[in-house]
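**Student:** Per our numbering, residue 1 is the first one in the sequence shown, and the count goes up by one each step. All C-beta atoms in this analysis are idealised placements derived from N, C-alpha and C, irrespective of residue type, glycine included. Quick caveat: nothing in here was measured; it's all calculated off a predicted structure.
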Amino acid sequence: MDISDGFVPITAMFFSVFHPIQGSKVIHQVPNGAIFPDSTIVDSSALEDPLFDFDVIKNYVIPKPSLCNKLVTFKINNYRVLGFPVNIYGSHYARNSFSFNCCFVFPYDSDTTPYEGNLKRIGRMLRALEEQSQLISKNLENSEVYFAENSNSHDHRLPQNNGVFNSKYLKIVQEWDGESTPVTTSTMNAKNEQKFSSIKSLIEQIFQDLNSYSECQIPIDSSNSVDLKLFLIYPPPPKVQFYDVPLALVKLNSLVDTLWDPTMLKIIPFINGIHSVAQIAELSNSDYELTRQCIRHLLHYKSISLLDIFQFSNHYAVTSNISQFLRDPNMATDCQEFIIKPSGTFKDLPIRKARGSEASHDFPVAMSFYKNSSTSISPGSPRKPLLHTLPSGQSTQSALSHHSNNNGNVVGVSGEKILPLPSKAILFQLYRSLNQNISVKQWVIENYQFLENIDIRKFIIFGVLKGIIYRVRSYPIMNKMISDPDVEFKNGTLSKLLKEADIPGMPNDLALNESNKLINEEIDDGEHEDKFYSPDDLKKSKYAQLMELKLKKLISKNYGFDSICTSMKMERNEVINYLDKLGDWEVINC
1 MDISDGFVPI TAMFFSVFHP IQGSKVIHQV PNGAIFPDST IVDSSALEDP
51 LFDFDVIKNY VIPKPSLCNK LVTFKINNYR VLGFPVNIYG SHYARNSFSF
101 NCCFVFPYDS DTTPYEGNLK RIGRMLRALE EQSQLISKNL ENSEVYFAEN
151 SNSHDHRLPQ NNGVFNSKYL KIVQEWDGES TPVTTSTMNA KNEQKFSSIK
201 SLIEQIFQDL NSYSECQIPI DSSNSVDLKL FLIYPPPPKV QFYDVPLALV
251 KLNSLVDTLW DPTMLKIIPF INGIHSVAQI AELSNSDYEL TRQCIRHLLH
301 YKSISLLDIF QFSNHYAVTS NISQFLRDPN MATDCQEFII KPSGTFKDLP
351 IRKARGSEAS HDFPVAMSFY KNSSTSISPG SPRKPLLHTL PSGQSTQSAL
401 SHHSNNNGNV VGVSGEKILP LPSKAILFQL YRSLNQNISV KQWVIENYQF
451 LENIDIRKFI IFGVLKGIIY RVRSYPIMNK MISDPDVEFK NGTLSKLLKE
501 ADIPGMPNDL ALNESNKLIN EEIDDGEHED KFYSPDDLKK SKYAQLMELK
551 LKKLISKNYG FDSICTSMKM ERNEVINYLD KLGDWEVINC
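Set out below in structure tokens:
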């Protein structure tokens, strides 16, 4: 399917009217032969066979009056037909009404949303032109058949009649004035400025301009024109949580304009795929609610994507789309270029395999590809060379002729390091080895020998963005009923702790600015405005009690680890330590 500027091109376009004698019929079509065969016109672009049988859909093209003046969409064969049927009542018409419809035809599985508003605009404009001067009905072949017999009620609307009446009036005025000053009007002895020739030429130009330029400007007369432009219509963005991590999909710095919102300009430098929305608001010293609105705007225009907080305690699993990694050659190539990192994620760290784990047993094929990729590549191999040069400046073949260093990396003449890219087979096996039962930390330990030049965070991000893996969310659940945190708040436990600490006027727990108060309100649901303080200002025991109260409240509302860690500004291990103090607990992964 050809797509121009992101829009699906129009397959065909036709104009239909309700004939008082013959019923619904197609007057004009583009391209020729799209709806009905027409041998009277010789056209090299004409279709040999019609797209569908018009008689099957004619009752939907010109429907009952109850469906008129509305957008109508229906399916016929493998095509989708969009129309805006118009019905105009008038005693001067035959059968006291006149009906017509301008329709677009598209492939059935295409997105026609950008065309719907423009089709409504065309229908309403043609209706207005018909009501003003019968521009549509009078330009049809045998136009008199569309009007009632012995009916001249429509003649008074014609511009030339108005000119006759004006001439008679002006003649009388000139006689009264002694014809001293000539008086003229725009309709008197003036050349007709109407540029509209026929319905056929109109739909042909609309069809060609929208498919070629995604817009059209067609003058009808001195005061009317068809001005259309296609715009991409995006769905409303999802709700942004304070623990979501925005990742830029485009170069935001190159799009910055001085007229942008000040909050937008402040937060863009901190959108790096690492900071959460709450952290971005705090680091940029911006209001949290305004920051979230800016993130939603960027998300609406597909400039960013939302990710989860990356931690090595996270769990990931493959989706049913994992086969696309092998079927789409560009996906694997893009992955190789995106995840490469000269120093890897853990440089010179003594990471060892876990007991009982044999990575070589899990990757027999991948290991052979990995070894081959770091030595040489056959000149006749169809695969792309699996090398990445740092810095660039030397050809691949000349670099391969030199020795390798102790780490298996190829070294050029000038000492530059040429990194062996992991083969596509290795990357596929690495993605396939992710499952719900192991964390990223365990996965790294088991497969460390394959991750030498791979940025693990980017490796996970790429899989999530492409939909080949998904994040397994973790929710802590207490095995025993804990005391209701709301009761403890009502009984004054928190106020008692604060009174004993004798530290009045402390700020909110998430930040020192007003913006992070909204984050607390999301969790507290507006019930309590509890405040938490740094352990530097409170005794550790009192601070621990405050954190336990906070944790109880979050657990009672079934928040996940991402939300809990962001709200309490703690690492997952610290949260786990507090959970152990509360009692027996388990983790539910889903």
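Just how far apart, CA to CA, sit I10 and D49?
**Tutor:** Here residue 10 refers to the residue found at position 10 when the sequence shown is read from its first residue. Here residue 49 refers to the residue found at position 49 when the sequence shown is read from its first residue. Those two C-alpha atoms are separated by around 17 Å.
**Student:** Thinking C-alpha only, which one of T263, I268, E571, P236 is nearest Y288?
**Tutor:** Translated into the one-based positions of the sequence shown, residue 288 becomes position 288. Closest option to Y288, Cα to Cα, is T263.
**Student:** Quick one: is R292 buried, meaning 16 or more other Cβ sit within 10 Å of its Cβ, or exposed?
**Tutor:** What you label residue 292 is simply residue 292 of the sequence shown in a count that begins at 1. So R292 ends up on the buried side.
**Student:** By how many angstroms is the C-alpha of D111 removed from the C-alpha of F7?
**Tutor:** Position 7 of the sequence shown holds residue 7. Position 111 of the sequence shown holds residue 111. Distance between the alpha carbons of F7 and D111 is about 8 Å.
**Student:** What distance in whole Å lies between the Cβ atoms of P476 and L326, which are believed to be in contact at a cut-off of 8 Å?
**Tutor:** Counting from 1 along the sequence shown, the entry for residue 326 is found at position 326. Counting from 1 along the sequence shown, the entry for residue 476 is found at position 476. Actually they do not touch by this definition, with Cβ atoms about 37 Å apart.
**Student:** F459 to Y234, Cα distance in whole Å?
**Tutor:** Reading the sequence shown from its first residue, position 459 is the one you call residue 459. Reading the sequence shown from its first residue, position 234 is the one you call residue 234. Near 28 Å, if we compare the C-alpha coordinates of Y234 and F459.
**Student:** To the nearest angstrom, report how far apart Y448 and S214 are at their CA atoms.
**Tutor:** The residue you call residue 448 lines up with position 448 of the sequence shown. The residue you call residue 214 lines up with position 214 of the sequence shown. Spanning the two alpha carbons is a distance of roughly 51 Å.
**Student:** For the segment 295-344, which segments carrying the alpha helix (DSSP H) assignment without a break, of at least 4 residues, lie completely within its bounds, in sequence order?
**Tutor:** Here the runs fully enclosed are 324-327, 329-339.
**Student:** Using DSSP with H/G/I as helix, E/B as strand and the rest coil, what is W260?
**Tutor:** As a first step, residue 260 must be located in the sequence shown, where it is residue number 260. Correct three-state label for W260: coil.
**Student:** Looking at the secondary structure, which residues open and close the alpha helix (DSSP H) in which R127 lies?
**Tutor:** Walking along the sequence shown from the start, residue 127 turns up at place 127. Where R127 is concerned, the enclosing alpha helix (DSSP H) stretches over 113-133.
**Student:** Just curious, the beta strand (DSSP E) that G83 is in, first and last residue?
**Tutor:** Start at 1 with the first residue of the sequence shown, and residue 83 comes out as number 83. Looking at the DSSP string, the run of the beta strand (DSSP E) that includes G83 is 79-83.
**Student:** Report yes if the C-beta distance between I295 and V277 is below 8 Å; otherwise report no.
**Tutor:** For the purposes of this step, residue 295 is identified with residue 295 of the sequence shown, where counting begins at 1. For the purposes of this step, residue 277 is identified with residue 277 of the sequence shown, where counting begins at 1. In this structure, V277 lies closer than 8 Å to I295 by Cβ.
**Student:** How would you write the range of the alpha helix (DSSP H) that F54 sits in, first residue to last?
**Tutor:** Here residue 54 corresponds to residue number 54 of the sequence shown, with the count starting at 1. Per DSSP, F54 belongs to the alpha helix (DSSP H) from 54-61.
**Student:** Mark K552 as exposed unless 16 or more other C-beta atoms lie within 10 angstroms of its C-beta, in which case mark it buried.
**Tutor:** As a working mapping, residue 552 is identified with position 552 in the sequence shown. Its Cβ being crowded by 16 or more others within 10 Å, K552 is buried.
**Student:** Work out the CA separation of V464 and C590 for me, nearest whole Å.
**Tutor:** Locating residue 590 in the sequence shown gives position 590, where the first residue counts as 1. Locating residue 464 in the sequence shown gives position 464, where the first residue counts as 1. Cα to Cα, the separation comes out at about 16 Å.
**Student:** Measure the Cβ-Cβ separation of F84 and N96 and say whether it is below 8 Å.
**Tutor:** Numbered from its first residue, the sequence shown carries residue 84 at position 84. Numbered from its first residue, the sequence shown carries residue 96 at position 96. Result no, Cβ atoms of F84 and N96 do not sit closer than 8 Å.
**Student:** Where are the beta strand (DSSP E) runs, 3 residues long or more, that stay fully inside the segment 205-247, in chain order?
**Tutor:** Here the runs fully enclosed are 215-219, 225-229.
**Student:** I need the DSSP call for E586, collapsed to helix, strand or coil.
**Tutor:** On the sequence shown, residue 586 is found 586 positions in, with the first residue counted as 1. Reduced to three states, the DSSP call for E586 is strand.
**Student:** Quick one: grab the DSSP three-state call for V145.
**Tutor:** The sequence position of residue 145 within the sequence shown is 145, counting from 1. In the structure shown, V145 sits in a helix (DSSP, three-state: H, G or I).
**Student:** Taking DSSP's pairing of strands, which residues face R432 in a bridge?
**Tutor:** By 1-based counting over the sequence shown, the position of residue 432 is 432. BP columns for R432 are empty, so no partner.
**Student:** What's the call for K550, buried or exposed, on a 16-neighbour Cβ count within 10 Å?
**Tutor:** By one-based count along the sequence shown, residue 550 stands at place 550. It is buried - the Cβ of K550 has at least 16 other Cβ atoms within 10 Å.
**Student:** Would you decide whether W443 is buried or exposed? Buried here means 16 or more other CB atoms lie within 10 Å of its CB.
**Tutor:** For the purposes of this step, residue 443 is identified with residue 443 of the sequence shown, where counting begins at 1. Flag for W443 reads buried.
**Student:** By how many angstroms is the C-alpha of L298 removed from the C-alpha of P342?
**Tutor:** Along the sequence shown, one-based indexing puts residue 342 at 342. Along the sequence shown, one-based indexing puts residue 298 at 298. Cα-Cα distance, rounded: 31 Å.
**Student:** Tell me which residues share the same chain as I76 and place their Cβ nearer than 7 Å to its Cβ, disregarding the 5 neighbours each side in the sequence.
**Tutor:** Taking the first residue of the sequence shown as position 1, residue 76 is located at position 76. F52, V56, I57.
**Student:** Using beta-carbon positions only, say whether F98 and Y146 come within less than 8 Å of one another.
**Tutor:** Numbered from its first residue, the sequence shown carries residue 98 at position 98. Numbered from its first residue, the sequence shown carries residue 146 at position 146. Yes.
**Student:** Could you give the residue range of the beta strand (DSSP E) that holds C103?
**Tutor:** Indexing the sequence shown from 1 puts residue 103 at position 103. From DSSP, the beta strand (DSSP E) with C103 extends over 97-107.
**Student:** If you check the beta carbons only, do S433 and V587 fall under 8 Å apart?
**Tutor:** Locating residue 433 in the sequence shown gives position 433, where the first residue counts as 1. Locating residue 587 in the sequence shown gives position 587, where the first residue counts as 1. No, these two residues do not count as a Cβ contact at 8 Å.
**Student:** Tell me the rounded alpha-carbon separation between S567 and W585.
**Tutor:** Walking along the sequence shown from the start, residue 567 turns up at place 567. Walking along the sequence shown from the start, residue 585 turns up at place 585. Rounded to the nearest angstrom, the two C-alpha atoms are 20 Å apart.
**Student:** On the DSSP letters alone, give me the boundaries of the alpha helix (DSSP H) that A278 sits inside.
**Tutor:** What you label residue 278 is simply residue 278 of the sequence shown in a count that begins at 1. Element bounds for A278: 277-283.
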